[in-house]
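**Q**
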Amino acid sequence: MKTDKEISEHYIESAERHLMENDIYSIEKAVVHYKRAILFDPKNLELRKRLNEVFYEVCKKNKRIENEDIEKTFIIKSFLDSCKNGNL
-7 MKTDKEISEH YIESAERHLM ENDIYSIEKA VVHYKRAILF DPKNLELRKR LNEVFYEVCK
53 KNKRIENEDI EKTFIIKSFL DSCKNGNL
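Numbering of the sequence shown is given in our numbering, commencing with residue -7 and proceeding in unit increments.
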């Protein structure tokens, strides 16, 4: 039977592997694994700090994706307006 510390370390290793993939889905999975690691090692302050850092990165990436989507929507709207007005 694994100890709580060993289980926590397993989740930390899994989270770090997900972070290496560097896509939003994998980073979100890393956040989940860090949260699970904290459940098994709640007094580990470095682990909590790491979770905050990763969570912040997820927020930044989501915001960047959202901004890119908004920009693309404006470009499409401008194109459609030009088509309606016969400017193309």
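Cβ coordinates follow ideal geometry from the N, Cα and C atoms, glycine included.
Could you check which residue in Leu31, Glu20, Arg9 and Lys(-6) has the C-alpha nearest to that of Lys52?
**A** On the sequence shown, residue 52 is found 60 positions in, with the first residue counted as 1. Checking every option, the nearest Cα to that of Lys52 belongs to Glu20.
**Q** Since Val50 and Leu11 should fall inside the 8 Å C-beta cutoff, what is the C-beta to C-beta distance between them, to a whole number of angstroms?
**A** One-based indexing of the sequence shown puts residue 50 at position 58. One-based indexing of the sequence shown puts residue 11 at position 19. About 10 Å separates the two Cβ atoms, so there is no contact after all.
**Q** Considering only C-alpha positions, which residue in the set Ile16, Glu13, Val24 and Asp15 is nearest to Ser0?
**A** Here the question's residue 0 lines up with position 8 in the sequence shown. Closest by alpha carbon: Val24.
**Q** Please give the ranges of any alpha helix (DSSP H) in the segment 7 to 64, keeping only runs that are unbroken, at least 4 residues long and fully inside the region.
**A** You should have 16 to 32.
**Q** Going by other Cβ atoms of all chains shown within 10 Å of its Cβ, with 16 needed for buried, is Ile68 buried or exposed?
**A** Taking the sequence shown and counting its residues from 1, one reaches residue 68 at position 76. So Ile68 ends up on the exposed side.
**Q** Starting from the C-beta of Ala7, find all residues in its chain whose C-beta is less than 6 Å away, skip the five residues before and the five after it, and write them out in chain order.
**A** The residue labelled residue 7 in the question sits at position 15 within the sequence shown. For Ala7, where only same-chain residues beyond five positions count, the Cβ hits under 6 Å are Ala22, His25 and Tyr26.
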